[in-house]
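*Asks:* According to UniProt numbering, the sequence shown holds residues 1 to 168 in order. Dropping the structure in here first, questions after.
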Amino acid sequence: MAWADLSTIPLVYRLFFLYIEPLSALAGSCYAGGRPAHYLADLTASPSAAALTRTLTPPTATLISLYQLSNLYLLFMLNEALVLRSTASLRTWRVLLFCLLVADLGHLSTMIPLALEKGWAEVFGRFWAWDAMMWGSVGFVYAGASMRTAFLLGLGFGKDAKGKGKEE
1 MAWADLSTIP LVYRLFFLYI EPLSALAGSC YAGGRPAHYL ADLTASPSAA ALTRTLTPPT
61 ATLISLYQLS NLYLLFMLNE ALVLRSTASL RTWRVLLFCL LVADLGHLST MIPLALEKGW
121 AEVFGRFWAW DAMMWGSVGF VYAGASMRTA FLLGLGFGKD AKGKGKEE
């Protein structure tokens with residue numbers, strides 16, 4: 001399979017959308033699907049409760065949900081790593097990144113129950129107190145949403161290229 005010439009896409013976007021974020025999504029997929037009890041424990045529990053939760057097998061419905069989540073992370077990874085790599089069409093990049101931005105907002109909204117339990121600032125604002133799971137579930141989503149928004153606004157494309165480009 002020959003990859004498209006993506007030189008019209010600024011390097012920062014190519015690095016983030018073609019390498020950094022797909023690898024992160026793959027890691028999330030492996031963690032949610034490969035270690036579901038650990039994933040669940042790290043997502044919601046206090047350190048002492050997390051240690052106990054890791055030793056328990058989640059209920060079947062929870063396992064199914066985590067395997068489905070793992071599959072969606074895999075889809076997310078494949079969309080970026082393969083679909084974006086296959087085209088230099090800015091229209092295609094914009095459409096896919098817009099869809100992923102909607103997914104970012106949906107992903108952040110799934111954290112609302114935890115925010116209701118622990119406080120909005122704890123979950124969405126106090127980044128200095130976040131553990132690795134919160135950085136992945138909130139912080140990295142902020143980064144991805146920011147990158148997608150910047151791309152959709154044409155930031156970094158230069159004055160002449162802003163909003164233009166190969167529109168196959």
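By construction, the Cβ of each residue, glycine as well, lies at the ideal position given by its N, Cα and C atoms. What you are looking at is a predicted structure, and each value in this text was computed from that prediction instead of being measured.
1) Give the straight-line distance between the Cα atoms of Q68 and P22, rounded to the nearest whole angstrom.
2) Suppose the cutoff is 8 Å on Cβ atoms and the five residues either side in sequence are ignored; what does the same chain contact list for F124 look like?
3) Leaving out five residues on either side along the sequence, give the residues of the same chain with a beta carbon under 7 Å from the beta carbon of Y39.
4) Relative to the alpha-carbon of G156, which residue among V12, L6, A4, D5 has its alpha-carbon at the smallest distance?
5) Leaving aside the five residues before and after F140 along the sequence, list all residues of the same chain whose C-beta is less than 7 Å from its C-beta, in chain order.
6) Go ahead and pull the three-state DSSP assignment for L63.
7) Tell me, to the nearest whole angstrom, how far the beta carbon of L6 is from that of R14; I am working on the premise that it is less than 8 Å.
8) Could you say which of A88, F151, W130 lies nearest to W3 if we only look at CA atoms?
9) Exposed or buried, Y19, counting other C-beta atoms within 10 Å across all chains shown (16 or more means buried)?
10) Return the Cβ separation of R148 and L100 in integer angstroms, given the expectation that the two are a contact with Cβ distance under 8 Å.
11) CB-CB under 7 Å to G136, same chain, minus the five flanking residues each way: which ones, in chain order?
12) Measure the Cβ-Cβ separation of A143 and D104 and say whether it is below 7 Å.
13) What distance in whole Å lies between the Cβ atoms of L152 and R85, which are believed to be in contact at a cut-off of 8 Å?
*Replies:* The relevant details are as follows:
1) Going from the Cα of Q68 to the Cα of P22 covers about 17 Å.
2) Within the same chain, F124 has close Cβ partners L108, M111, A115, V138.
3) For Y39, same chain residues with a beta-carbon under 7 Å away, outside a window of 5 residues either side, are Y31, A32, L66 in chain order.
4) Just measuring C-alpha positions, the residue of V12, L6, A4, D5 sitting nearest G156 is V12.
5) Taken in chain order, the residues that qualify are S24.
6) Helix at L63.
7) Their Cβ separation, rounded to whole angstroms, is 6 Å, which keeps L6 and R14 in contact under 8 Å.
8) Nearest option by C-alpha distance: A88.
9) Label assigned to Y19: exposed.
10) The C-beta distance from R148 to L100 rounds to 6 Å, short enough to meet the 8 Å contact threshold.
11) Hits under 7 Å: G28.
12) Cβ atoms of A143 and D104: not closer than 7 Å.
13) Contact flag wrong, Cβ pair sits at about 19 Å.
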